[in-house]
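Undergrad:
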Amino acid sequence: MNSNPPSEAVFSGIGRRAGPPAITKLMQVALETPGLLSLAAGFTDNSSLPVTFISEAVRALGASANDAEHLQYGTNAGRPALRMALAARLAGQDAPSVTTPDQSRITALRDATFMTNGSQQALYLAIQTLCEPGDIVLVDRPSYFVFLELLRGLGVEARSMPVDKDENLDLPALKSQLNALIARGERERLKAVYFVSYFSNPSGRTLTTEEKQGLAATLRETGCVIPVMEDAAYRELGFDPASANAVPGILGDEVWEGFPLLYTGTLTKPFATGLKVGYGVCPDTRWRSAMLHVKGHHDFGSGNFAQAILEHALLTGALDQQLSVLRRIYSKKRDALHATLISAGLADLGWSWRLPQGGLYLWLKGPAGLDTGFDSTFCRACLAEGVLYVPGELCFGDNPPGNTVRLSYGVLSPEALAEAGARFVRAARKING
Ligand SMILES: Cc1ncc(COP(=O)(O)O)c(C=O)c1O
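The following block contains the structure:
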């Protein structure tokens, strides 16, 4: 018989800091509330997932591969042909007017690309290789809340880059912020800048070329030539496909010359979320090597089979076909939710929002002084009406305003979105008295 008393594991800093992700709470509430319509989850449209393509792709892979290599471990950086196809796609998006692709540029981008378990893993690798607890990362305002959780989990401090009243990057204010940070002796701890640039989660906004170039100039002028992370998770989900190409990514604009750059993208939202394949493109050899070494410790290569399916999707044109379906579906869903909010009178209750031109989210600002947090009267009123949203306060690196909300139109049908929107407005009306 073992007479040793049970002992408790002693955790590392990461283990101690780790809290349940906000999404767990949202999912739990959704499960525990019968009849609830959730506008919270960032999931994709179920009915349009490419089921037929995937079964055909599996058959095609089985027929063509004589050594079933796709069922074997792959390489740490991922499948070369998939990386090549992604590199060619990115080069085309960044320079849409170029008719003859520059092969040497595409090859360089391929070499800079590494496949990951969703782009989420690339974000984690980036911060893990750059930051110690106590370090600082500049983030957009509002920002992707799972990235903010990741920073907290690693003990890293998020500082929001200032925005003006229209939520555009406020470059003079950013310059003052950086100069003040330097004056306080914090420059050594400032390790990276992160932003979601296209049809953002949560704001739905796309950063303009002027904003991005202004950001590069401001960082340079203040002596902050630091690693820059562009999260382009929703770039492919612009309702007008040309919109993904209207603003070049950081790898396609020479203003970023000299900065260590990481561009992250994903094939989850634009194709099949469950395959969980994303990628990072990092031309900086040292940073990329460090990330790949750590990736080797995580998993020494993302799922080869899922990558092989996506390689097939890119090379056969199935990704583009799927995207044209998704763009139609999501713009219809956006319209359904927006139209309900308007017709039910939300704007008259002091709420405002911008119509996003892509992505999965409406970002709403409520009347000044309203509290939309998890434990607020407003949140309870929404649950009583049978609708759930993401409290906007989760999406701020610091100083969260209390009155913002993220609504996702990815999952529900247009009819269910109309009902969910009506419920949301009923709750807003109750709170307004
Ligand atoms: C802005 C943003 N970046 C990255 C991700 C990660 O996506 P994935 O890991 O599925 O590629 C998401 C997912 O919701 C996101 O919204």
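Taking our numbering, the leading residue of the sequence shown gets 38, the next gets one more, and so forth. Built from N, CA and C at the ideal position, the CB exists for glycine as well. Keep in mind that this is a model prediction, so the values were computed, not measured.
(1) Name all residues in chain order for which at least one heavy atom of ligand 1 lies closer than 5 Å to the residue's CB.
(2) Is T136 near ligand 3, judged by its Cβ being under 7 Å from some heavy atom?
(3) Do G387 and P404 have their C-beta atoms within less than 8 Å of each other?
(4) Spatial neighbours of D408 within its chain, please: CB distance less than 6 Å, with the 5 preceding and 5 following residues excluded, ordered by chain position.
(5) What's the C-alpha gap between S84 and F308?
(6) Which residue wins for smallest C-alpha separation from L420, given the options Q109, E223, V183, A457?
(7) Relative to the alpha-carbon of E225, which residue among Q250, V262, T246, V200 has its alpha-carbon at the smallest distance?
(8) Excluding the 5 residues flanking T166 on each side, which residues of the same chain have their C-beta closer than 7 Å to its C-beta?
(9) Leaving out five residues on either side along the sequence, give the residues of the same chain with a beta carbon under 6 Å from the beta carbon of V427.
(10) Is V265 buried or exposed, if buried means 16 or more other CB atoms sit within 10 Å of its CB?
(11) Starting from the N-terminal side, write out each stretch of the beta strand (DSSP E) that is 3 residues or longer and does not extend beyond the stretch 280-319.
(12) Cutting at 7 Å between CB atoms, please list the residues of its own chain near G216, excluding the five before and the five after it.
(13) For R371, which residues in the same chain have their Cβ closer than 6 Å to its Cβ, ignoring the five residues on either side in sequence?
(14) Is it right to say H334 is buried, meaning 16 or more other beta carbons lie within 10 angstroms of its own, or is it exposed?
(15) Using 8 Å as the cut-off, can you tell me whether the stretch 194-201 makes contact with the stretch 447-467, which would need three or more C-beta pairs spanning the two stretches below that distance?
(16) In chain order, what residues of the same chain have a beta carbon less than 6 Å from the beta carbon of E194, not counting five sequence neighbours either side?
(17) Beta carbon of P280, beta carbon of W400: below 8 Å?
(18) Whether or not the stretch 313-324 and the stretch 296-303 are in contact is what I'm after, with contact meaning three or more pairs of Cβ atoms, one per stretch, closer than 8 Å; do they touch?
(19) Between which two residues does the alpha helix (DSSP H) harbouring M328 extend?
(20) Just the C-alpha distance for H282 and P133, rounded to the nearest angstrom, thanks.
(21) Straight-line CA distance for G275 to L356?
(22) Where does the unbroken beta strand (DSSP E) through N238 begin, and where does it stop?
(23) Can you list, in chain order, the residues of its chain whose CB lies under 6 Å from that of L211, leaving out five sequence neighbours each side?
(24) Along the chain, which unbroken stretches of the alpha helix (DSSP H) at least 4 residues long are found entirely within the stretch 124-206?
(25) Determine the direct distance from the alpha carbon of L98 to that of I346, and round the result to whole angstroms.
(26) Report the residue from G423, R466, V448 whose alpha carbon sits nearest the alpha carbon of G72.
(27) So, at 8 Å on beta carbons, what are the nonlocal neighbours of L449 in its own chain, with the 5 sequence-adjacent residues on each side left out?
(28) How is the beta strand (DSSP E) around E267 delimited, first residue to last?
(29) As a quick exercise: from G302, I287, E186, G340, pick the residue whose alpha carbon is nearest that of D435.
(30) What is the DSSP secondary structure of V262, reduced to helix, strand or coil?
(31) Based on the DSSP output, what are the partners of G395 in its beta bridges?
(32) Have a look at L63, A55, A124, V47 and flag the residue whose alpha-carbon is nearest the alpha-carbon of G286.
(33) Taking a contact to mean a Cβ-Cβ separation below 8 Å, would you say T81 touches K306 in this structure?
(34) Per DSSP, S24 is paired with what?
TA: The relevant details are as follows:
(1) G79, G155, S156, Q157, Y181, V233, N238, D268, A270, T303, T305, G315
(2) With respect to small molecules bound, the structure shown includes ligand 1 and not ligand 3.
(3) yes
(4) G439
(5) 12 Å
(6) A457
(7) V262
(8) W324, A327, M328, V331
(9) A77, R443
(10) buried
(11) 298-303, 314-318
(12) Rather than Gly, the amino acid found at residue 216 in this sequence is Asn. Cβ neighbours of N216 beyond the five flanking positions: T259.
(13) Y446
(14) exposed
(15) no
(16) I173
(17) Inspection of the sequence shows that residue 280 is occupied by Ser rather than by Pro. Taking 8 Å as the Cβ cut-off, S280 and W400 do not qualify as a contacting pair.
(18) yes
(19) 322-335
(20) In the sequence on display, residue 282 carries Asn and not His. Those two C-alpha atoms are separated by around 6 Å.
(21) 14 Å
(22) That residue, N238, is in no beta strand (DSSP E); it is neither H nor E in DSSP.
(23) M198, P199, T255
(24) 140-149, 155-167, 182-190
(25) 8 Å
(26) G423
(27) L74, S75, L76, K370, A457
(28) 265-268
(29) E186
(30) coil
(31) G275
(32) A124
(33) yes
(34) Given a span of 38 to 470 for the chain in the structure shown, any question on residue 24 remains unanswerable.
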